[in-house]
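Report on the following structure.
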Amino acid sequence: MVQFKICMIGAYRVGKTSLVERFVRSLYSDEYHTTIGVKIDKKSMTVQGVDAKLMIWDIAGEDEFYTVNNNYLRGMAGYFLVMDGTRIVTLDMARKLHKRVELLKPGIPFVLIANKADMTDEWILDDKEVENFSTSPYRFLKTSAKSGENVEEAFTFLVEEMMQPRSK
Amino acid sequence: MVTLADINEQLDTVTFVELATGEFRIEGRVPVWALGFCPDLRATGQTRLQDDFEFLGGFIEQAHEEFLEPGETRIGSGPWTERDLNDVEHNLSALAVIVKNQLVIQISAIPEELRYHQRIFQKAREYSLDFEQSIRDKEQREVLLHAIVHDLSQPLTMIDGALHLSEDPTLPREEKLKLDQLMETQIDSAQNMIRSILEISLWEHKRFSIHDLKAAEAPGVTECVKTAIANFEPVFKQENIQLELLNHLGASEQQVVAEEDQLRRVLSNLLENALRFSPPGSKVSVLMEDSRVDTTSPAEKMVDQVVITVSDQGPGVSESLAESLFQRFVGESEFGGRGGFGLYYCQMCLHRWGGKIECISPGTSQGDKAPSDKGASFKLTLLKF
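Going line by line, the protein sequences match chains R and E. Counting in numbering that gives the first Met the number 0, the first sequence runs from 0 upward without gaps. Counting in numbering that gives the first Met the number 0, the second sequence runs from 0 upward without gaps.
Have a look at this one:
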């Protein structure tokens, strides 16, 4: 069994914890409980015939009150950069965080997520705004922790990417 | 005598000292919660913390690195939450110190402290979200204010034009009556606009959905275009600008996904814009045609559309202007008179209806699609109902 450390990063209240909760326990709650520090969960899955154990580090959302501790990213094999499709400011934060991660771990696989895809009426994120988001390979997915849309797919894709041999 | 074990027990804390093997020896008693992570600890008295706690691997690595730096004597981990082997969630924090050249890790269970931090952060973030919302509300109010100013100026322009024309003593009585009628229509139109603009402020709460649009409410596009043209004809005539309609849609009326009042205003905005930038003796054309687009997603279906293109022979639009033209109301002076709220309003409407608006001008990257080698064209794409 291979083990991967995955980090969830993004602005606050974009749904990082809800995505993990949906993926790990198939649960969802509309209530918002801000994450303090980091919350660690684990789940095993089989991708392309390989058993993988995922250590998921759900890192508190960054804002003016809290900065993501770079030490939390140690040993990370891939990450989710999560935005809220109904709040454009979360795209700015995603860009900022991505820039920082690229400096620490250039070229590490990531999946860019626009969460809350179920909130179609309030959706304001234009797909064009995330075109050419990064020069590193990445995939963009619209997810909904509420409905479960694309959540499993996002994790599967990231694991596939992490399993690819990579030049150091 | 008070021992370290007593203190640890009282503080719900556990202390470990790193051994040369990379394992950690416990100092004092083992709290019950720690057994959830390292069940053999009571028996063996030592363990590999890096393996027992997912979080601590990186923290111990960090401690080793940072203690190599002169002056570093203690490092705090910050709070973290982790599940033990029985899937019980624990809120913890750790402290690393160097004592007599040995790394000491103290781990504390911090349920109350974490809840306290959480309450403060939660409040701060709720206030931040309220602030974000208030910024959006403020923008919405600004938009509304400009909408009122802009949209009221339009009927006034037409009333002004009609008044000037009616002053002509040679004008036949029937023509004067037509102008009176036009002025009345414009006054009605202004009142309707105010009502419609107030509706826009409710868009935030009352969303437009194609699924809710009833057949009786879907506007006929030819009729809307003809009405808009008829309203503007007097002022175009006064300015000696030709206004022509090129209808390639066929005889039957085509309903589109839109709201009738707003669609009329979108068309009026584009005609007024064309009027302002057209030199005397030039021509403004309104082309209506069908379009069929393969969306390729999600079900690879073809979408039927109506395209309306309003083209003038004015100075055109530069590349930089075309990019920012629809983005946001900034102030007309910054756009050399083009843009302003009118086009932003058009974009808001088209976006709401699932359509789009584009500016095509010889000076832009899409210049090769421009119907003429001068002037600007505004292309509206509407979904057929």
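All C-beta atoms, glycine included, are put in the ideal place defined by N, C-alpha and C.
Reduced DSSP category for M75 of chain R - H, G, I as helix; E, B as strand; rest coil: DSSP places M75 of chain R in coil when its eight states are reduced to three.
query: Nearest CA to the CA of Q254 of chain E: which residue from E:K355, E:A214, E:N90?
result: Comparing alpha carbon positions, the residue from E:K355, E:A214, E:N90 closest to Q254 of chain E is E:A214.
Residue(s) in a DSSP beta bridge with C358 of chain E: For C358 of chain E, which the question treats as bridged, DSSP gives the partners E:F377.
- prompt: Going by other Cβ atoms of all chains shown within 10 Å of its Cβ, with 16 needed for buried, is Y78 of chain R buried or exposed?
  reply: Result: buried.
- prompt: If we ignore side chains and look at the alpha-carbon of each, how far apart do V309 of chain E and E148 of chain R end up?
  reply: Their backbone Cα atoms lie some 41 Å apart in a straight line.
task: With DSSP as the reference, please indicate the residues paired to F23 of chain E in a beta bridge.
output: F23 of chain E is bridged by DSSP to E:E17, E:T46.
message: Any beta carbon from chain E within less than 7 Å of Y11 of chain R's own beta carbon?
response: Judged by the 7 Å Cβ criterion, Y11 of chain R is in contact with chain E.
query: By how many angstroms is the C-alpha of G354 of chain E removed from the C-alpha of L128 of chain E?
result: Spanning the two alpha carbons is a distance of roughly 30 Å.
query: For N7 of chain E, which residues from the same chain have a beta carbon less than 7 Å from its beta carbon, with the 5 sequence-adjacent residues on both sides left out?
result: V13, T14, G27, R28, listed in sequence order.
message: Between G77 of chain E and chain R, is the shortest Cβ-Cβ distance under 7 Å, so that the two count as touching?
response: Chain R contact via Cβ: present.
- prompt: Excluding the five sequence neighbours on either side, which residues of its own chain have a C-beta within less than 6 Å of the C-beta of T2 of chain E, listed in chain order?
  reply: Counting only Cβ-Cβ distances below 6 Å, and skipping sequence neighbours, we find nothing.
- prompt: What three-state label does DSSP hand Y344 of chain E in the structure shown?
  reply: DSSP places Y344 of chain E in the helix class (H, G or I) of the three-state scheme.
query: Can you list, in chain order, the residues of the region 88-119 of chain E whose Cβ is nearer than 7 Å to any Cβ on chain R?
result: Listed in sequence order: L113, H116, Q117.
message: Taking the alpha-carbon of L286 of chain E as reference, which of E:F36, E:P78, E:L244, E:V220 has the nearest alpha-carbon?
response: It is E:L244.
query: Within 7 Å (strictly less), CB to CB, does R21 of chain R reach chain E?
result: R21 of chain R does not count as touching chain E.
message: My assumption, with CB atoms under 8 Å, is that V9 of chain R sits in contact with V81 of chain R. Please give the rounded CB distance.
response: Residue identity differs from the one stated: residue 9 of chain R is Gly in this sequence, not Val. Confirmed, about 4 Å.
- prompt: Can you tell me whether DSSP reads C37 of chain E as helix, strand or coil?
  reply: In the three-state scheme derived from DSSP, where H, G and I count as helix and E and B as strand, C37 of chain E is classed as coil.
message: Any beta carbon of chain R sitting closer than 7 Å to that of F36 of chain E?
response: Using a CB distance cut-off of 7 Å, F36 of chain E does not count as an interface residue toward chain R.
query: What span of residues does the beta strand (DSSP E) with N230 of chain E cover, start to end?
result: Annotation for N230 of chain E: no beta strand (DSSP E) segment contains it, though the alpha helix (DSSP H) segment containing it runs 220-237.
Supposed contact pair K41 of chain R and L53 of chain R - C-beta distance, whole angstroms, cut 8 Å: Between K41 of chain R and L53 of chain R the Cβ distance is about 6 Å, and since that is below 8 Å, they are a contact.
query: How many angstroms separate the CA atom of L124 of chain R from the CA atom of K115 of chain R?
result: Rounded to whole angstroms, L124 of chain R to K115 of chain R spans 11 Å at the Cα level.
message: My output table needs one value for S165 of chain E: the three-state DSSP class, helix, strand or coil.
response: In this structure, S165 of chain E counts as helix in the three-state DSSP scheme.
task: Could you spell out where the alpha helix (DSSP H) holding E243 of chain E opens and where it closes?
output: Taken as a continuous stretch (DSSP letters only), E243 of chain E belongs to no alpha helix (DSSP H), being part of the beta strand (DSSP E) at 241-246.
task: For M82 of chain R, go through chain E and note every residue whose CB falls closer than 8 Å to its CB, in chain order.
output: Contact annotation for M82 of chain R against chain E: no contact, minimum CB-CB distance about 14 Å [criterion: below 8 Å].
- prompt: Going along the region 24-47 of chain R in order, which residues come within less than 9 Å of chain E, judged by CB to CB distance?
  reply: For the region 24-47 of chain R, which is checked against every Cβ of chain E, the residues closer than 9 Å are Y31, H32, T33, T34, I35, G36, V37, K38, I39, D40, K41.
task: Give the single residue among R:R21, R:Y71, R:A113, R:V100 whose Cα lies nearest to the Cα of T89 of chain R.
output: If we check each option's Cα against that of T89 of chain R, R:A113 comes out closest.
Backbone CA spacing between P164 of chain R and T16 of chain R [nearest angstrom]: So the alpha carbons of these two residues sit roughly 29 Å apart.
message: Between the region 57-75 of chain R and the region 54-62 of chain E, can you find at least three pairs of beta-carbon atoms closer than 8 Å?
response: Contact between the region 54-62 of chain E and the region 57-75 of chain R is present, because at least three Cβ pairs lie under 8 Å.
- prompt: Counting only beta-carbon atoms, is Q121 of chain E nearer than 7 Å to chain R?
  reply: Yes, Q121 of chain E lies at the interface with chain R (some Cβ there is under 7 Å from its Cβ).
- prompt: Among E:I240, E:E271, E:V16, E:H247, which has the Cα closest to the Cα of A227 of chain E?
  reply: Nearest C-alpha to A227 of chain E among E:I240, E:E271, E:V16, E:H247: E:E271.
message: Helix, strand or coil for I158 of chain E? Go by DSSP, reduced to three states.
response: Correct three-state label for I158 of chain E: helix.
message: Using C-beta distances below 8 Å, list every residue in its chain close to L84 of chain E, excluding the 5 sequence neighbours before and after it, in chain order.
response: Taken in chain order, the residues that qualify are G35, F36, P38.
- prompt: Considering only residues of the same chain and omitting the five flanking positions on each side of T380 of chain E, which have a CB-CB separation below 6 Å?
  reply: These residues qualify, in order along the chain: Q304, V306, G354, K355.
task: Please classify F156 of chain R: does DSSP put it in a helix, a strand, or coil?
output: Assigned with DSSP and collapsed to three states, F156 of chain R falls in helix.
- prompt: DSSP state of L93 of chain R, grouped into three classes?
  reply: It is Ala, not Leu, that sits at residue 93 of chain R in the sequence shown. It is helical.
message: Against chain E, which members of the region 82-115 of chain R pass a CB distance test of less than 9 Å?
response: Residues R86, V88.
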